[in-house]
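Mapping of the sequence shown onto numbering that gives the first Met the number 0: residues 0 to 170, in sequence order. Think of the CB as a built atom: it goes at the ideal place given N, C-alpha and C, for glycine as much as any other residue. Structure record follows, encoded as structure tokens.
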Amino acid sequence: MMFIALILALPVISLQHAVSPEEEVRMNDLAKAYRQIYETAPEAFKLADNIYEQIKDYECARNQEDCKAWQAWRLGDAITLRQVNCDETPEDELCMKARDLHGLPGGTSHQKIFSGLVDVAEVVTPTDIKYASDVIDAAVSYVCYKQPEKCSIVRQMSVIVDQMEEIIKKH
0 MMFIALILAL
10 PVISLQHAVS
20 PEEEVRMNDL
30 AKAYRQIYET
40 APEAFKLADN
50 IYEQIKDYEC
60 ARNQEDCKAW
70 QAWRLGDAIT
80 LRQVNCDETP
90 EDELCMKARD
100 LHGLPGGTSH
110 QKIFSGLVDV
120 AEVVTPTDIK
130 YASDVIDAAV
140 SYVCYKQPEK
150 CSIVRQMSVI
160 VDQMEEIIKK
170 H
């Protein structure tokens, strides 16, 4: 799960995957490091975000089964990045799309909406994730070429996400 929502939605992941207290502390530390990268190199994050959007569009244009999963991941990213709370703003367009995608009724809690998105997104195969990660890694190389001063911090994105995925894979 190399998506921003994976990093920023730790409470849902911790509940859903029953990580240990030590693992949760480690995930929180990794999330802080990831947020720092986001703040330091927002243009690299925008590039990665655009790539993920194009992958989703590609899968949906081909009418692939994982289209819905990519849509769920992208909605999770958008909700997280815009800091939308579906409990506070249940009529927000993103909240309504997320409920519709998972078939949830109006008034569903933010926690259940986000958990539903995570459930739907898990359909994307490890092979798809690997190839998407390869594309992101190529984009990171391009960022390093264009902005060498940000290269060391941008290269940490993949390492941090890989470490978080290893924690989650244990469960």
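Item, Value
"Which two residues bound the contiguous alpha helix (DSSP H) that contains T126?", "125-145"
"Nearest to V134 by CA position, among V83, A68, P41, E52, is which residue?", "E52"
"Which of helix, strand or coil does DSSP assign to P41?", "helix"
"For A68, I'd like the list of residues in its chain whose CB is within less than 8 Å of its CB, leaving aside the five on either flank, ordered along the chain.", "V119, A120, E121, V122, V123"
"In whole angstroms, what separates the C-alpha of Y130 from that of E21?", "31 Å"
"What residue range is occupied by the uninterrupted alpha helix (DSSP H) comprising R98?", "92-101"
"Within 7 Å: the Cβ of A68 and any heavy atom of the ligand FMN?", "What this structure holds is no ligand at all, so the ligand FMN is not there to describe."
"Just curious, the alpha helix (DSSP H) that Q110 is in, first and last residue?", "109-120"
"CB-CB under 6 Å to A77, same chain, minus the five flanking residues each way: which ones, in chain order?", "L93"
"In terms of residue numbering, what span does the alpha helix (DSSP H) encompassing Q70 cover?", "66-80"
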